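Novice: Residue numbers (my numbering): 3 to 310.
Glycine residues also receive a C-beta, built at the ideal position from the N, C-alpha and C atoms.
Because the structure is a prediction, the values reported are computed rather than measured.
Please find one structure pasted underneath; my questions will follow.
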Ligand SMILES: Nc1nc2c(ncn2[C@@H]2O[C@H](COP(=O)(O)OP(=O)(O)OP(=O)(O)O)[C@@H](O)[C@H]2O)c(=O)[nH]1
Ligand SMILES: [Mg+2]
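What follows is the structure, encoded as structure tokens:
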């Protein structure tokens, strides 16, 4: 089971690995002839930056290599291992699963993010995971602007066996969230997963709506929402950084889920996110199926990135 999980994640990371690995194999050729000199370090730094790790991380890793290995003969294997260790050290502090507070009935999770990042799919996958743990999730179709969005969540609910609370066409998302929380409390649900619309083309409307949802939830439970998950699509690379900044201004983001790592050459962005924001990365998406949400494991992820 555990093996399957990690091999699927590695499969998902293959393209990042290839990208990072290409830079590294070039470097290895340079190093073989001339040791780890300034030029070799510069090439490695470029490889790290082009793999989306960010300039700060690249500079730090290179600084560490310079101190410990400058002028030495190094093998490809040694570089990969050292790099994996450096990256794992950056990722370790953010690798936290989403912990539900068992005292909250339900624990309220507000799911936010721009269009198409995978919010609705991630909610479906989370609901599946909670069902497998014998918990009772309730889903809320808070993206009320599109009928298709409501239907998509309803299909997930049926698939995983979780009730979905939806309003009529153009229902008020905040009112819906309030009703849903009231009903979920009455039913003794364990977790309430609230889907939201991701229209970022009108930032102030989105901000007003998210804040209204939160304000209204707090009338029912002043500690809600207990988690605010920002869903990011890894294939958008550096754009994900800007999305975190924007959403952090709007709401109190408590953690991240990074999706589409199966198709992405951009797994390095997770390192840049960890370094810049330090927000917990609760899980990663590696496909479209219910079982394609994985816990985020720093060591495995770092090894996958460097092709180990
Ligand atoms: N390959 C892959 N596809 C994913 C993953 N997560 C979501 N998707 C796909 O990405 C597309 C968008 O996912 P949604 O869950 O609808 O995204 P959303 O954020 O709810 O989108 P909006 O409701 O339009 O804002 C769908 O086709 C999903 O199947 C993932 O981890 N890997
Ligand atoms: Mg959606």
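My parser needs the beta strand (DSSP E) runs of 3 or more residues fully inside the segment 86-166; what are they?
Specialist: Runs of the beta strand (DSSP E) inside the segment 86-166: 109-114, 139-142.
Novice: In whole angstroms, what separates the C-alpha of residue 174 from that of residue 118?
Specialist: About 21 Å.
Novice: Between residue 82 and the rest of its own chain, which residues show a CB-CB distance below 8 Å, the 5 nearest in sequence each way excluded?
Specialist: Excluding positions up to five away in sequence, the list reads 26, 308, 309, 310.
Novice: How is the beta strand (DSSP E) around residue 293 delimited, first residue to last?
Specialist: No beta strand (DSSP E) contains residue 293, which DSSP labels as neither H nor E.
Novice: I think residue 281 touches residue 295, with their Cβ atoms under 8 Å apart; what is that distance to the nearest whole Å?
Specialist: Their Cβ separation, rounded to whole angstroms, is 18 Å, which puts residue 281 and residue 295 out of contact at 8 Å.
Novice: Thinking C-alpha only, which one of 134, 209, 37, 114 is nearest residue 355?
Specialist: Any property of residue 355 remains undetermined from this structure, which presents the chain solely from 3 to 310.
Novice: Are there any heavy atoms of ligand 1 lying less than 7 Å away from the beta-carbon of residue 265, as far as the coordinates show?
Specialist: Yes, Cβ of residue 265 sits closer than 7 Å to a heavy atom of ligand 1.
Novice: For residue 120, does the count of other Cβ atoms within 10 angstroms reach 16, so buried, or fall short, so exposed?
Specialist: With 16 or more Cβ atoms within 10 Å of its Cβ, residue 120 is classed as buried.
Novice: Beta strand (DSSP E) containing residue 285: first to last residue?
Specialist: Looking at the DSSP string, the run of the beta strand (DSSP E) that includes residue 285 is 283-287.
Novice: Do you know offhand how far residue 194's Cα is from residue 250's?
Specialist: In a straight line, the C-alpha of residue 194 is about 21 Å away from that of residue 250.
Novice: Using the rule of at least 16 other Cβ atoms within 10 Å of the residue's Cβ for burial, across every protein chain shown, is residue 298 buried or exposed?
Specialist: With 16 or more other Cβ atoms within 10 Å, it is buried.
Novice: Could you pull the DSSP bridge partners for residue 210 from this structure?
Specialist: Residue 210 pairs with nothing; no bridge assigned.
Novice: How many Å lie between residue 188 and residue 86 at the Cα?
Specialist: Roughly 48 Å between the two C-alpha positions.
Novice: What's the call for residue 5, buried or exposed, on a 16-neighbour Cβ count within 10 Å?
Specialist: Here residue 5 scores only 45 on pLDDT, less than 50, and its place in the model should not be relied on; the value that follows carries that caveat. Classification of residue 5: exposed, given that the 10 Å Cβ count is below 16.
Novice: With the cut-off set at 8 Å, would you say residue 90 and residue 304 are in Cβ contact?
Specialist: Their beta carbons are under 8 Å apart, which means residue 90 touches residue 304 by this criterion.
Novice: Taking the continuous beta strand (DSSP E) assigned at residue 55, which residues delimit it?
Specialist: Residue 55 -> no beta strand (DSSP E), and no H or E assigned at all.
Novice: Quick one: what's got a C-beta closer than 6 Å to residue 140's C-beta in the same chain, skipping five residues either side?
Specialist: Cβ neighbours of residue 140 beyond the five flanking positions: 165, 186, 191, 194.
Novice: So, using beta-carbon positions, are residue 181 and residue 110 closer together than 8 Å?
Specialist: Taking 8 Å as the Cβ cut-off, residue 181 and residue 110 do not qualify as a contacting pair.
Novice: Rounded to whole angstroms, what is the Cα-Cα separation between residue 269 and residue 150?
Specialist: Distance between the alpha carbons of residue 269 and residue 150: 30 Å.
Novice: Taking a contact to mean a Cβ-Cβ separation below 8 Å, would you say residue 97 touches residue 300 in this structure?
Specialist: It is a contact, given that the beta carbons lie within the stated cut-off.
Novice: What's the call for residue 135, buried or exposed, on a 16-neighbour Cβ count within 10 Å?
Specialist: Exposed, because fewer than 16 other Cβ atoms sit within 10 Å of the Cβ of residue 135.
Novice: Alpha helix (DSSP H) containing residue 275: first to last residue?
Specialist: It spans 271-279 - the alpha helix (DSSP H) in which residue 275 sits, taken as one unbroken run.
Novice: Identify the continuous alpha helix (DSSP H) that holds residue 181 and give its terminal residues.
Specialist: Residue 181 -> alpha helix (DSSP H) spans 175-189.
Novice: Mind checking residue 3: buried by the 16 CB within 10 Å criterion, or exposed?
Specialist: Bear in mind that the predicted position of residue 3 carries a pLDDT of just 35, short of 50, making it too unreliable to give a figure here.
Novice: For residue 248, does the three-state DSSP call read helix, strand or coil?
Specialist: Correct three-state label for residue 248: helix.
Novice: Is the beta carbon of residue 198 closer than 8 Å to that of residue 235?
Specialist: Their beta carbons are not under 8 Å apart, which means residue 235 does not touch residue 198 by this criterion.
Novice: Check residue 39 in the structure and name its three-state DSSP category.
Specialist: Correct three-state label for residue 39: coil.
Novice: Determine the extent of the alpha helix (DSSP H) in which residue 306 is found, giving its start and end residues.
Specialist: 300-307 is the span of the alpha helix (DSSP H), which, as asked, contains residue 306.
Novice: Who are the near neighbours of residue 312 in its chain, counting only those whose CB is closer than 7 Å to its CB and skipping five residues on each side?
Specialist: Since the first residue of the chain shown is 3 and the last is 310, residue 312 is not available in this structure.
Novice: In three-state terms, what does DSSP make of residue 264?
Specialist: Note: residue 264 maps to coil in three-state DSSP.
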